[in-house]
Amino acid sequence: MIRIALTKGRIEEKAVEIFEKIGYDCTELHNKGRKLFFNIGDGVEVVLAKANDVVTYVDHGVCDMGVVGKDTIMEMGRNLYECLDLGFGKCRFALACKKDFDFFDGYGHRIVASKYPNVTKEYFRNRGLDVEVVKIDGSVELAPLLGLSDGIVDIVETGSTLKENGLEVVCDVAPISARLIVNPASLKLKKNDIDKIIDSIAQVL
Ligand code: PRP
Numbered sequence: 000m001i002r003i004a005l006t007k008g009r010i011e012e013k014a015v016e017i018f019e020k021i022g023y024d025c026t027e028l029h030n031k032g033r034k035l036f037f038n039i040g041d042g043v044e045v046v047l048a049k050a051n052d053v054v055t056y057v058d059h060g061v062c063d064m065g066v067v068g069k070d071t072i073m074e075m076g077r078n079l080y081e082c083l084d085l086g087f088g089k090c091r092f093a094l095a096c097k098k099d100f101d102f103f104d105g106y107g108h109r110i111v112a113s114k115y116p117n118v119t120k121e122y123f124r125n126r127g128l129d130v131e132v133v134k135i136d137g138s139v140e141l142a143p144l145l146g147l148s149d150g151i152v153d154i155v156e157t158g159s160t161l162k163e164n165g166l167e168v169v170c171d172v173a174p175i176s177a178r179l180i181v182n183p184a185s186l187k188l189k190k191n192d193i194d195k196i197i198d199s200i201a202q203v204l
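Next comes the structure, spelled out in structure tokens:
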């Protein structure tokens, strides 16, 4: 049995399309109600979870594989084998600030708000910049508008959230897309079954 954790929502829908293309029966996933466990045939079971939990379940080995955004993988920083870029859910992490504010001007201490404090700290640490990071749980665009921070590091897809709130991208931080992850021990113990799934997915991408 191979157990795969899918991130609920947009990633789940695209992932289900891929699993159908490679021949699994995902009928139940289209009419799932509140159910969280699905047998999709050929010894494969799917569970639905929140993004952070997909990483936790695969990290602990209770799920062999997972489909999750690179944003979550980067923020959680776990030792997982990231075997495929699935090419959907494309967006990016970017540093943004209020229009006409020069974030990199001068040597002043900067404050950056983000839902992704680890990604943000890592980005500025790698550049040797002294930046204080404040964790915000949602609608992070508010932080510079309220005067809490000089900028934000957040996910940008179309750019319309930034635009509608008078913010603009200063620079890109990292590209994001959905990834197929595998627990390293599962990869050894169930190598043939896992390789078969990875190869089939790679062929339909
Ligand atoms: C993300 C992100 C931005 C928005 C960017 O939020 O935090 O707010 O999408 O997308 P855009 O560039 O296309 O406007 P999400 O929709 O994931 O909701 P959240 O705030 O609950 O995390």
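Here numbering that gives the first Met the number 0 is used: the first residue of the sequence shown is 0, the next is one more, and so on. All C-beta atoms in this analysis are idealised placements derived from N, C-alpha and C, irrespective of residue type, glycine included.
Item                                                                                     : Value
Exposed unless 16 or more other CB atoms sit within 10 angstroms - verdict on A201       : exposed
C-alpha gap between G22 and F37, whole angstroms                                         : 15 Å
Within 7 Å, strictly: CB atoms of M73 and V111                                           : no
Collapsed DSSP secondary structure at F100 in the structure displayed                    : coil
Segment limits, alpha helix (DSSP H) that includes N182                                  : Careful: N182 lies outside any alpha helix (DSSP H) and carries neither H nor E.
Reference I135; option with closest CA among R126, G146, L144, K114                      : K114
Check whether I175 and G68 have beta carbons under 7 Å apart                             : yes
First through last residue of the beta strand (DSSP E) which encompasses R109            : 109-113
Inter-residue CB distance, D63 and V181 (contact presumed, cutoff 8 Å)                   : 7 Å
Check: E167 C-beta below 6 Å from any heavy atom of the ligand PRP                       : no
V172 versus E16: straight-line alpha-carbon distance, rounded                            : 30 Å
Residues bridged to V152 (per DSSP)                                                      : L94, S113
8 Å contact criterion, which E156 and C90 should meet: CB distance rounded               : 4 Å
Of the residues H29, L128, A95, the one placed nearest G105, counting alpha carbons only : L128
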